[in-house]
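Position one of the sequence shown corresponds to residue 938 (my numbering), numbered consecutively onward. Here's the structure we're looking at; comments come further down.
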Amino acid sequence: MIYQRNFIKELSFTAIGIFVVLLAVLVSTQAINLLGRAADGRVAIDAVLALVGFWVIGMTPLLLVLTAFISTLTVLTRYWRDSEMSVWLSCGLALKQWIRPVMQFAVPFAILIAVMQLWVMPWAELRSREYAEILKQKQELSLVEAGEFNNLGKRNGRVYFVETFDTESGIMKNLFLREQDKNGNDNIVFANFSLTDNKRTLELRDGYRYSGTPGKADYNRVSFQHLSLIISTTPKLIDPVSHRRTIPTAQLIGSSNPQHQAELMWRISLTVSVLLLCLLAVPLSYFNPRSGHTYNILIAIGLFLVYQNGLTFLRNAVEDGKIHFWLGLLPMHIIMFVIAVVLLRVRSMPSQPFWQAVAKSLTLKGGK
């Protein structure tokens, strides 16, 4: 029908604008945050752009949920404000008949969110963590500057000094390295070494190692041709099972691990929530042009926050093993569906005061 085509067309253009605005704001905020962390040395400088890209992929499902909800609410509110909805209602078009075009708009969002949540997100999260770790490992040794004393790693108070450093070949000559062992003795190493990508060890060659206590004549001198010195115990790559967000969905299904069940619940919940939120937007968009009040927007924001926080609370309860998977998945969706049905009944009786319409809708529902 004509109203459906025009409605979906306006929804589509509105959704594009809202998504671009939300994406620009969030990307700018995250980029500033990552640049600040890079300045503090907590994130490799070369990783900022890539991490922003991975972060955008991770935030896209939630952005799509917000986009669909805000777009539906905005367009339908405009219909009420400009009295277009009143014209359609007076022509015999019931409010519940708007559910079909709204669902035609929301279902593609739900499919896209499901694809991203169930398949794309675990891959993107794993690649993001691997990439950040690799660049962090590279940066730790790539920041070496000749002629300066610097800390190396985060353990044993290691301090190093390099006399010469060829950045092209990665070869360092005349390395001085000082650390303390568990007994408080100093270990001093003089050697040559070269940088190897993605390694957490120093490969030392043709050097000497002195061990002893400062101020005492108990130093031992050992010469060596090759020595591997561990810089950090951080693993080379992120293990997929070390974080639930990196686990493929197929491995989550049927798992008895509460953390895995909580992650599966969250991935499914975002897909279902976009459909229920768009359904809620139909009655929540009601606007009385005579009053000029925009209470519907405040109610919509409140319900969205309750919905998302409720899902988060239930996810945490599932993760802690306090409730079962299905008890965590279903309640909030059922509650929001019931609220949507009741509000649709209420808005179908615009002449009735709000609370009287609520009571009457509940009575009708119970009578059926």
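By construction, the Cβ of each residue, glycine as well, lies at the ideal position given by its N, Cα and C atoms.
If you draw a straight line from the C-alpha of Gly1191 to the C-alpha of Thr1014, how long is it?
43 angstroms
Taking Phe1127 and Gly1149 to be in contact with their CB atoms under 8 angstroms, please state how far apart those CB atoms are, rounded to whole angstroms.
In fact, because the Cβ distance is near 14 angstroms, the residues do not count as touching under 8 angstroms.
Does Trp1203 pass the burial test, meaning 16 or more other C-beta atoms within 10 Å, or should it be called exposed?
buried
Run through the region 967-1051 for me and flag every whole alpha helix (DSSP H) of 4 or more residues, listed as ranges in chain order.
985-1018 and 1021-1027
If you run the structure through DSSP and keep just helix, strand and coil, what is Tyr1156?
DSSP places Tyr1156 in coil when its eight states are reduced to three.
Drop a sphere of 10 angstroms on the beta-carbon of Asn1023, count the other beta-carbons inside from all chains shown, and report buried for 16 or more, exposed for fewer.
Per the sequence presented here, residue 1023 reads as Ser, with Asn not at that position. Exposed is the call here.
My understanding is that Trp1056 touches Thr1186, with C-beta atoms under 8 angstroms, so please give their C-beta distance in whole angstroms.
7 angstroms
Looking at the structure shown, is Thr951 part of a helix, part of a strand, or coil, going by DSSP?
helix
Using the rule of at least 16 other Cβ atoms within 10 Å of the residue's Cβ for burial, across every protein chain shown, is Gln1117 buried or exposed?
exposed
From Leu1030 to Gln941, what does the alpha carbon distance come to, in whole angstroms?
12 angstroms
Excluding the 5 residues flanking Glu1062 on each side, which residues of the same chain have their C-beta closer than 8 angstroms to its C-beta?
For Glu1062, same chain residues with a beta-carbon under 8 angstroms away, outside a window of 5 residues either side, are Phe991, Gly995, His1180, Arg1182 and Thr1183 in chain order.
Suppose you measure from the CA of Lys1297 to the CA of Trp1035; what does that come to, to the nearest Å?
22 angstroms
Please classify Tyr1223 as buried or exposed, where buried requires at least 16 other C-beta atoms within 10 Å of its C-beta.
buried
With a cut-off of 7 angstroms, does the C-beta of Met996 fall near any C-beta of chain C?
This model lacks chain C altogether, as it is built from one protein chain only.
Could you say which of Leu1251, Phe1042 and Ile1205 lies nearest to Asn943 if we only look at CA atoms?
Phe1042
State the start and end residues of the unbroken alpha helix (DSSP H) segment that holds Asn1246.
Tyr1232 to Glu1256
Give every residue of the same chain whose Cβ lies closer than 7 angstroms to the Cβ of Arg1284, excluding the five residues on either side of it in the sequence, and list them in chain order.
Leu1032, Pro1220 and Tyr1223
If you follow the beta strand (DSSP E) that Phe1224 is in, where does it begin and where does it stop?
Per DSSP, Phe1224 belongs to no beta strand (DSSP E) and is neither H nor E.
Can you give me the Cβ contacts of Ala968 inside the same chain, cut-off strictly under 8 angstroms, excluding the 5 residues immediately before and after it?
Val985 and Val989
Indicate whether Leu948 and Leu1000 have their beta-carbon atoms separated by less than 7 angstroms.
no
For the putative contact between Gly1258 and Pro1195, defined by C-beta atoms under 8 angstroms, what is the C-beta separation to the nearest angstrom?
4 angstroms
Tyr1156 to Ala975, Cα distance in whole Å?
41 angstroms
Helix or strand or just coil, what does DSSP make of Ser1065?
In the structure shown, Ser1065 sits in a helix (DSSP, three-state: H, G or I).
Among residues of its own chain, excluding the 5 on either side of Pro1172, which ones have a beta-carbon nearer than 7 angstroms to its beta-carbon?
The pLDDT assigned to Pro1172 is 46, lower than 50, so where the model puts this residue is not dependable; a value taken from the coordinates is nonetheless given after this. Closer than 7 angstroms at Cβ, skipping near neighbours: no residue.
Does DSSP put Arg923 in a helix, a strand or coil?
Outside the displayed range of the chain (938 to 1305) lies residue 923, so it cannot be described from this structure.
Can Pro1045 and Ile945 be called in contact, C-beta distance under 7 angstroms?
In this structure, Pro1045 lies away from Ile945, with their beta-carbon atoms at least 7 angstroms apart.
In whole angstroms, give me the CA-to-CA distance for Ile955 and Thr1300.
39 angstroms
Below 7 angstroms between beta carbons: does that hold for Met1040 and Pro998?
no
Quick one: what does DSSP say Gln1162 is sitting in, helix, strand or coil?
strand
Thr1009 and Ala1254 - do their beta-carbons sit closer together than 7 angstroms?
no
Report yes if the CB atom of Ala1320 is closer than 7 angstroms to the CB atom of Met1286, and no otherwise.
Beyond the ends of the chain as shown, which are 938 and 1305, falls residue 1320; an answer cannot be given.
Asn1088: buried (16+ other C-beta within 10 angstroms of its C-beta) or exposed?
exposed
With a cut-off of 8 angstroms on the beta carbons, I'd call Tyr1068 and Ala987 a contact; round off their distance for me.
6 angstroms
On the three-state DSSP scale, how would you describe Asn943?
Helix at Asn943.
Would you say Ala952 and Cys1215 are within 7 angstroms of each other, going by their C-beta atoms?
Not a contact, by the Cβ cut-off of 7 angstroms.
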